[in-house]
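These notes are about the structure you will find just below.
Residue numbers (the numbering used here): 103 to 277.
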């Protein structure tokens with residue numbers, strides 16, 4: 103059974119852990135991690151357009167079904183956000199990402215209408231794409247593409263805010 107740590111809206115830890123599938127309770131916030139994956143064979147930062155791993159969410163996903171998106175998920179109790187981002191890349195895409203190689207680019211809070219929310223950490227790194235391609239988990243991912251930065255940015259911005267877009271722009275320039 104997977105657990106997640108519970109935080110208050112101001113970011114303080116409640117000291118509680120709840121089952122990952124427990125109903126959300128107003129006032130509870132959880133940690134979430136995202137990893138932006140730029141291919142190792144992309145041009146050096148600032149010298150050309152990078153190539154990014156973009157995944158289409160499962161058509162049966164609870165949130166954003168069928169949307170092209172970034173890799174990420176909930177942080178399990180006892181895990182750091184970087185460890186969670188690394189785990190999610192492995193689980194969803196079969197890619198090994200060293201959490202120590204991840205660079206934090208953006209953090210933000212999402213408030214949901216039901217009084218709950220997330221604290222999201224956005225990491226980035228370069229990743230080697232296997233010659234045989236990315237072997238994704240079909241329960242979580244419907245398709246995967248390697249696309250140039252402008253295509254990637256446009257696809258993921260339909261459900262993200264401009265601050266997230268600014269973080270993507272920094273990643274393109276710096277990773």
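Note that the Cβ used here is the ideal one computed from N, Cα and C, for glycine as well.
Buried versus exposed call for residue i [16 or more other C-beta atoms within 10 Å across all chains shown]
{"i": "residue 166", "result": "exposed"}
{"i": "residue 170", "result": "buried"}
{"i": "residue 217", "result": "exposed"}
{"i": "residue 259", "result": "exposed"}
Simplified DSSP state of residue i, which is helix, strand or coil
{"i": "residue 136", "result": "strand"}
{"i": "residue 188", "result": "helix"}
{"i": "residue 158", "result": "strand"}
{"i": "residue 121", "result": "strand"}
{"i": "residue 249", "result": "strand"}
{"i": "residue 270", "result": "helix"}
{"i": "residue 110", "result": "coil"}
{"i": "residue 198", "result": "coil"}
{"i": "residue 205", "result": "strand"}
CB contact flag (residue i, residue j, <8 Å)
{"i": "residue 137", "j": "residue 226", "result": "yes"}
{"i": "residue 177", "j": "residue 133", "result": "yes"}
{"i": "residue 289", "j": "residue 121", "result": "Examination of residue 289 is not possible in this model, given that the chain is present from 103 through 277 alone."}
{"i": "residue 195", "j": "residue 238", "result": "yes"}
{"i": "residue 208", "j": "residue 124", "result": "no"}
{"i": "residue 126", "j": "residue 108", "result": "no"}
{"i": "residue 280", "j": "residue 221", "result": "Outside the displayed range of the chain (103 to 277) lies residue 280, so it cannot be described from this structure."}
| Any contact of the segment 226 to 245 with the segment 140 to 155, i.e. 3+ C-beta pairs under 8 Å? | yes
| task | Could you tell me whether the segment 201 to 220 touches the segment 145 to 161, where touching means 3 or more Cβ pairs closer than 8 Å? | result | no
| field | Complete beta strand (DSSP E) runs within the segment 207 to 240 (minimum length 3 residues, chain order) | value | 219 to 229
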